[in-house]
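When you line the sequence shown up against numbering that gives the first Met the number 0, it's residues 0 to 500, in that order. Idealized CB from N, CA, C, for every residue including glycine. Below you'll find the structure, written out as structure tokens, and then a few comments.
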Amino acid sequence: MLNLAVILRESAACRPEAPALLHDGGTMTYAELDARSDAVAAALLTRGVGPGDPVALQAPNIPEFPVAYYGILKTGAVVVPLNVLLRAPEVAHQLRDSGTRTLITWAGAADEAAKGAAKADVTEVFVIHAAADSPGRPFTDLTTPVTEPVPLADRSPTDIAAIVYTSGTTGVPKGAELTHFQMYMNADIPGRLFEIKAEDVVLTVLPLFHVYGMSSAMNLGIRFGCALSLVPRFTPEKVLAAIERDRATIFDGVPTMFGALLAYTDEHSYDTSSLRVCVSGGDAIPAHVFDAFEQQFQVPILEGYGMTETASTITFNPGPDDRRPYSVGRPVWGVEVQVWDDEGRRMPPGRNHIGEFVTRGYQTMRGYHGHPRATAEAFEGGWFHTGDLGYADADGFLFIVDRKKELIIRGGYNVYPREVEEVLYRHPGVREAAVVGVPDERLGEEVKAIIVARPGHALTVEEIVDYCRERVAAYKYPRLVEFRDALPLTGTGKVLKKDLV
């Protein structure tokens, strides 16, 4: 038997009065979190929810998310986390695709969620922080306290704990089936790598409905009995204030967050001396952001790499004393990674041997829910194909170059957008940059840069083109430049390049 909710039950038994959740409204102890999730579990069981039943959960980083999350798991049901930004058709697709019959949503997303639920014929809708005119029923209907702990449903390690939908940056989202064992290991192994302790406070701003925040912040913190400092929505001010208020020791983020925090502290001061380690994932962090952040905040960044389909972690830098800056680290315990060419042949180490990362091990999903053909394609050759391009060095550290689907082929030459973006980020007037390929009749594709300028900088197309032309080969520099006020981002802060093409 292995039910992922055991991580909460064990931490509550060991540290009942220790803080589990820190938030704007106060503190919730481990005993309280365990008891409140028991109440949700008991209420769901009385409504016929049981082992294997999918239950959708849509909320920002508020205490009700972990309360409902672990309550669902305790029944043996499957958590289906939904992004709070989804529109009704997207909600309907994910509810139908997962087979969900019960939805727990949040007042801020309830109108669209209810419309999507109606399209998917889902009638059991509960709303966190419901107002008088909110659709569905109030979440409080599921929170009546119980007198006895709810026994954890007997689940096999290979049973599904969650169906997590891909971000949809390159197509229609598909649901990755993640097992109890995978998710337990993805909480346990990474935490051991940077020696997390029960006394740590994990700044939790990564969305808990995304696998990175769910596995690498929430589950990891609960597994080791830490306090989670919940921030519902990323803004530099909110994050820095929470670090100062809660004396956070660990910050997990994506590269855009590190860049925004760095820019904000140019003019604002907060006490961040409690931080002892930062973790970057979700995308490769630009080298200049990496260096500047470490210098400004005097804290090491450990970069890792993972995907929704791998329950989060594939590789990680082992620790401040054994890391390789600008690398995403080495495969974590029990995980294999190889670099393959287009013919499925393993490539030797070296930065001149760029290929696709393929992986296998306990961390890879069971498959895409209801999509056997897509699953078979993803596991062609017995390894999961990540779609990411990179190389390994002689010591086994991996370096990401780009997404395979984002590779630009200009006149027969391969252009890796991230390489050009790294150059653009070194320009003092560039705050954010994204490079994409656009159709071109003569060359097949042309290189285009989309730029967000720093305040006070009036950039021109000619300036950007000339800057890049001096620093990269002639076939790589962008001939097309567009300026925008902001780049489109996913809920986790990754640039939506498909919206830029």
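- Going by beta carbons, residue 287 and residue 425 fall inside the 8 Å limit.
- Residue 397 and residue 389 do touch by the CB rule: their CB atoms are close to 6 Å apart, below 8 Å.
- Following the DSSP letters along the chain, one finds residue 399 inside the beta strand (DSSP E) bounded by residues 397 to 402.
- Under the rule that a run must span 4 or more residues, the alpha helix (DSSP H) segments found entirely inside the segment 221 to 284 read 235 to 245, 254 to 263.
- Beta bridge pairing from DSSP links residue 164 with 174.
- In the DSSP assignment, the residues bridged to residue 22 are 25.
- With 16 or more other CB atoms across the displayed protein chains lying within 10 angstroms of its CB, residue 447 is buried.
- In this chain, the alpha helix (DSSP H) harbouring residue 290 covers 286 to 296.
- Three or more beta-carbon pairs drawn from the segment 200 to 207 and the segment 224 to 238 are found closer than 8 Å, and the two stretches are therefore classed as touching.
- In this structure, residue 281 places its C-beta atom within 8 Å of the C-beta atom of residue 211.
- Here residue 328 is buried: its Cβ has 16 or more other Cβ atoms, across all protein chains shown, within 10 Å.
- Residue environment analysis places residue 351 among the exposed positions, since fewer than 16 neighbouring C-beta atoms fall within 10 angstroms of its C-beta.
- By the neighbour-count criterion, in which 16 or more other beta carbons inside 10 Å mark a residue as buried, residue 408 falls on the exposed side.
- In the DSSP annotation of this structure, residue 485 is not part of any beta strand (DSSP E), being labelled neither H nor E.
- Here DSSP, grouped into helix, strand and coil, assigns residue 371 to helix.
- Minimum Cα-Cα distance from residue 465 among the listed residues 94, 423, 307, 35 corresponds to 423.
- Residue 416 carries a helical assignment under DSSP once its states are collapsed to helix, strand and coil.
- With a cutoff of 8 Å on beta-carbon distance, residue 419 and residue 477 are scored as near each other.
- Under the criterion of beta carbons closer than 8 Å, residue 183 and residue 6 qualify as touching, at roughly 7 Å.
- Around residue 171, the same chain offers 92 as residues with beta carbons nearer than 8 Å, after the five sequence neighbours per side are excluded.
- In the DSSP assignment, residue 69 falls within the alpha helix (DSSP H) that extends over 63 to 73.
- Excluding sequence positions up to five before and after residue 186, its CB lies within less than 7 Å of the CB of 6, 214, 218, 219, 222, all in the same chain and listed in chain order.
- Using a Cβ distance threshold of 8 Å, residue 233 and residue 49 do not count as a contacting pair.
- Taking a cut-off of 8 Å on C-beta distances, the segment 334 to 343 touches the segment 355 to 373, as three or more cross pairs fall below it.
- The Cβ atoms of residue 124 and residue 102 lie closer than 8 Å to each other.
- Your pair residue 412 and residue 400 does not check out as a contact, with CB atoms roughly 14 Å apart and the cut at 8 Å.
- Per the DSSP secondary-structure output, residue 356 pairs in a beta bridge with 338.
- Per DSSP, the beta-bridge partners of residue 391 are 397.
- Excluding residues up to 5 positions away in sequence, 185, 210, 211, 214, 215, 305 lie with their Cβ nearer than 7 Å to the Cβ of residue 311 in the same chain.
- Looking at the backbone, the Cα of residue 73 and that of residue 147 are separated by about 14 Å.
- Judged by DSSP secondary structure, residue 202 falls within the beta strand (DSSP E) whose first and last residues are 200 to 203.
- Here the segment 314 to 327 lies against the segment 291 to 304, with 3 or more beta-carbon pairs under 8 Å apart.
- In this chain, the beta strand (DSSP E) harbouring residue 53 covers 53 to 56.
- Here residue 57 is buried. Its C-beta has 16 or more other C-beta atoms within 10 Å.
- Between the alpha carbons of residue 347 and residue 353 lies a distance of about 9 Å.
- Counting C-beta atoms within 10 angstroms of its own C-beta, residue 297 has fewer than 16 neighbours from the protein chains shown and is therefore classed as exposed.
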